Structure formats: structure tokens, C-alpha cells
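A short worksheet on the structure shown next.
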Amino acid sequence: MNEMESIESRIALLPKGSITKKVIQGKDRYYLQWREGDKVRNRYVKEAELPELSAQIAERKGLQQRLVELQVASVQRSLMVSEGAQSSAEFLMGSFAAERRASYSVAPYESQDRMVNFFLSLGLGFCLEARARQLPVNGTDLSVDWVFYNRMLHCHVLVNLKDGKFRKTDLDQLGTCVRHYRDKVMQPGDNPPVGILLTTSRGPKMVEFATSVAKSDFASVYKPKLPTRHQLLDFMEKSDLLKGERV
Numbered sequence: 003m004n005e006m007e008s009i010e011s012r013i014a015l016l017p018k019g020s021i022t023k024k025v026i027q028g029k030d031r032y033y034l035q036w037r038e039g040d041k042v043r044n045r046y047v048k049e050a051e052l053p054e055l056s057a058q059i060a061e062r063k064g065l066q067q068r069l070v071e072l073q074v075a076s077v078q079r080s081l082m083v084s085e086g087a088q089s090s091a092e093f094l095m096g097s098f099a100a101e102r103r104a105s106y107s108v109a110p111y112e113s114q115d116r117m118v119n120f121f122l123s124l125g126l127g128f129c130l131e132a133r134a135r136q137l138p139v140n141g142t143d144l145s146v147d148w149v150f151y152n153r154m155l156h157c158h159v160l161v162n163l164k165d166g167k168f169r170k171t172d173l174d175q176l177g178t179c180v181r182h183y184r185d186k187v188m189q190p191g192d193n194p195p196v197g198i199l200l201t202t203s204r205g206p207k208m209v210e211f212a213t214s215v216a217k218s219d220f221a222s223v224y225k226p227k228l229p230t231r232h233q234l235l236d237f238m239e240k241s242d243l244l245k246g247e248r249v
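With the sequence shown counted from 1, adding 2 to any position gets you the working numbering.
Next up, the structure:
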């Protein structure tokens, strides 16, 4: 018995006078086809609907595949995995990994990953939320290299890495991003966000903070849950991100 005959037999088994049977037989005997995937929903699909349904299924499969790629990328960057596991994850990500590599220009891609792992391994409640985030502020797109959320501070931490010497304009731009997060992104129960500016040229201002809170609050509440200046400089030194003579 083929599928069509099976459907006809199912229709014949419906009670006489059944509304369902009348509806089916009252529509010029549409060619109906039973799809295995629709058994869960216990429904029939018209033959005319199949192309559209197939397209929807294909779209869902594509979205699911993309979700898997994103999950693989998140796991790879959030955990200190072995070299073999990294190779496997890189294979699964395919072109997605290449897109990410093209997003950075300050440091090698491996150093970008080490930066994320550094914050996650501090044990201070850092969670990576975004990379290379573009913020529309006053008609201009401002970029933040990394956006973390600190579960202990209950606030966002924005991190920018700039090539070259410290420039006040870079700190001012990061401060603008911090205020944007405070005004547009911060949720009820969150604390105001904070920014960390890192520069690659050795000097007295290689690590600077951008805040929107009082200095006393920053010193007593925020600093204990943020990496110290020494920790940040030590990481950048070991990652070969610093340029110039040591100070």
C-alpha cells in the first residue's frame, strides 16, 4: 500500500458524518500527502504546500547549523582546551572562523583569544558577551573590542586594545561607549558599566579605566573585582603585545 492509498484508508475509517471527513471530501479531493516529520503534530500537508514547507525546513536546518557553529566558537574561546580539540573546533567552524579573524587588526588572532581566556580565568566572574561590537552613538559607529559581563559586579566591562601610545581621545571614546551602555543597555539591578583601555606602547598610561561612578565607589566596589594594572601588563608582556623599551 502506497502513501496515498494509506491516506485514503485513513479517511475511510473516519466515522460517518464526521466533520473532519466532510471537510476533507468537500475540497475537491485535494491530493494529500502524509509527511513523517508532521506525525508529531498529527496533521496532513497538501501537496501544494510542500515546496513552501520544504523551504522552511531547509531554512531551519541552516539556522540550526549556524547555531552549532556559534556554540562551538563560544566553547573554544571560553575554555582552555587542548590543541587537538582546538583543531577539531576550527574544522567545524569553517568559514565562520575566517570571518572572525578578519575582524581584528591590532594583534594576531591567537592573542585575541588569549585576551578572552585571561579575563575568563581570573575567577572574578567575567563572562564574554560580544567581540568587535559596533555601537551607534550620535550618528557614529563606535567600536568596542570586547564586551564582558561581570557576575560579581553585576555590570558590563568594555575592553579596548589600541595600537600605539595612549591618546586621550581613545579614553574619551571608551567613556562615551560606557555611558551608552549605562543609558541604553543597563538593566534594572545592574551596576553602571566600566571600561578598560589598553595600549601597546610602553608608558605610564598603558592601562586606564573609564567609569561613570564616583572615584570612591570605583575604588571600593569595582577594583576588587577587576584585574589589577600589574596583572594586565604582565599578560600583555607575555602575549608579546607591548612595544618599545620597558619602563
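Virtual Cβ for every residue (Gly too), placed ideally from N, Cα, C. Remember, predicted model here, so these are calculated numbers, not experimental data.
Could you check where the alpha helix (DSSP H) with D143 kicks off and where it finishes?
Indexing the sequence shown from 1 puts residue 143 at position 141. Under the DSSP assignment, D143 falls outside any alpha helix (DSSP H), being part of the beta strand (DSSP E) whose first and last residues are T142 to N152.
### Boundaries of the beta strand (DSSP E) in which T201 is found, first to last residue
Position 199 of the sequence shown holds residue 201. Per DSSP, T201 belongs to the beta strand (DSSP E) from V196 to T201.
Length of the line joining the Cα atoms of V139 and P226 | By one-based count along the sequence shown, residue 139 stands at place 137. By one-based count along the sequence shown, residue 226 stands at place 224. Roughly 30 Å separates the two Cα atoms.
Legend entry - Residues that L137 bridges to, as DSSP identifies them: Within the sequence shown, numbered from 1, the residue matching residue 137 stands at position 135. In the DSSP output, where bridge partners are listed per residue, L137 has L144.
>> What does the Cβ neighbour count give for Q114, buried or exposed, with the cut at 16 atoms within 10 Å?
In response: In the sequence shown, residue 114 corresponds to position 112, counting from 1. Counting every other CB atom within 10 Å of its CB across the protein chains shown gives Q114 a total of 16 or more, marking it as buried.
Alpha carbon of T202 to alpha carbon of L176, nearest angstrom: As a first step, residue 202 is located in the sequence shown; it is residue number 200 there, counting from the start. As a first step, residue 176 is located in the sequence shown; it is residue number 174 there, counting from the start. So the alpha carbons of these two residues sit roughly 16 Å apart.
Margin query: What would DSSP say about L235, mapped onto helix, strand or coil?
Written below: Position 233 of the sequence shown, counted from the start, is the residue given in the question as residue 235. Note: L235 maps to helix in three-state DSSP.
- With DSSP run on the structure shown, which of helix, strand or coil describes H182? Numbered from its first residue, the sequence shown carries residue 182 at position 180. DSSP places H182 in helix when its eight states are reduced to three.
From Y183, L200 and K245, pick the residue whose C-alpha is nearest to that of N193; which is it?
Along the sequence shown, one-based indexing puts residue 193 at 191. Measuring C-alpha to C-alpha distances from N193 to each of Y183, L200 and K245 identifies Y183 as the nearest.
Let me know if A212 comes out buried or exposed under the rule of 16 or more other beta-carbons within 10 Å of its beta-carbon.
Counting from 1 along the sequence shown, the entry for residue 212 is found at position 210. That one is buried.
request  = Alpha carbon to alpha carbon, how far is E210 from L137? Give it in angstroms, no decimals.
outcome  = Residue 137 sits at position 135 when you count from the first residue of the sequence shown. Residue 210 sits at position 208 when you count from the first residue of the sequence shown. Using only the alpha carbons, I get a separation of about 21 Å.
Check: Rounded to a whole number of angstroms, what is the C-alpha to C-alpha distance between Y151 and H158?
Finding: The residue given as residue 151 occupies position 149 in the sequence shown. The residue given as residue 158 occupies position 156 in the sequence shown. Annotation: Y151 to H158 spans about 4 Å, alpha carbon to alpha carbon.
Report task. Spatial neighbours of E131 within its chain, please: CB distance less than 8 Å, with the 5 preceding and 5 following residues excluded, ordered by chain position. Result -> Here residue 131 is taken as the residue at index 129 of the sequence shown, counted from 1. Once the five neighbours on either side are set aside, the close Cβ partners of E131 are V149, F150, Y151 and H158.
| field | Nearest to L243 (by Cα), restricted to the options S218, M188, F220 and K164 | value | Residue 243 sits at position 241 when you count from the first residue of the sequence shown. Out of S218, M188, F220 and K164, K164 has the C-alpha closest to the C-alpha of L243.
Could you pull the start and end residues of the beta strand (DSSP E) that K244 belongs to?
As a first step, residue 244 is located in the sequence shown; it is residue number 242 there, counting from the start. Here residue 244 is Leu; the residue named in the question, Lys, does not match the sequence. That residue, L244, is in no beta strand (DSSP E); it is neither H nor E in DSSP.
Subject >> Residue-chain proximity (F211, chain D), Cβ-Cβ < 9 Å >> reply: Given the protein chain composition of this structure (a single chain), no chain D is represented.
- Do you know how far the Cα of L160 is from the Cα of L200? Counted from its first residue, the sequence shown places residue 200 at position 198. Counted from its first residue, the sequence shown places residue 160 at position 158. Their backbone Cα atoms lie some 11 Å apart in a straight line.
Identify the residues that DSSP records as bridge partners of N119: which are they?
As a first step, residue 119 must be located in the sequence shown, where it is residue number 117. Paired residues: none, contrary to the question.
What would DSSP say about A216, mapped onto helix, strand or coil?
Numbered from 1 along the sequence shown, position 214 holds the residue referred to as residue 216. Three-state result, A216: coil.
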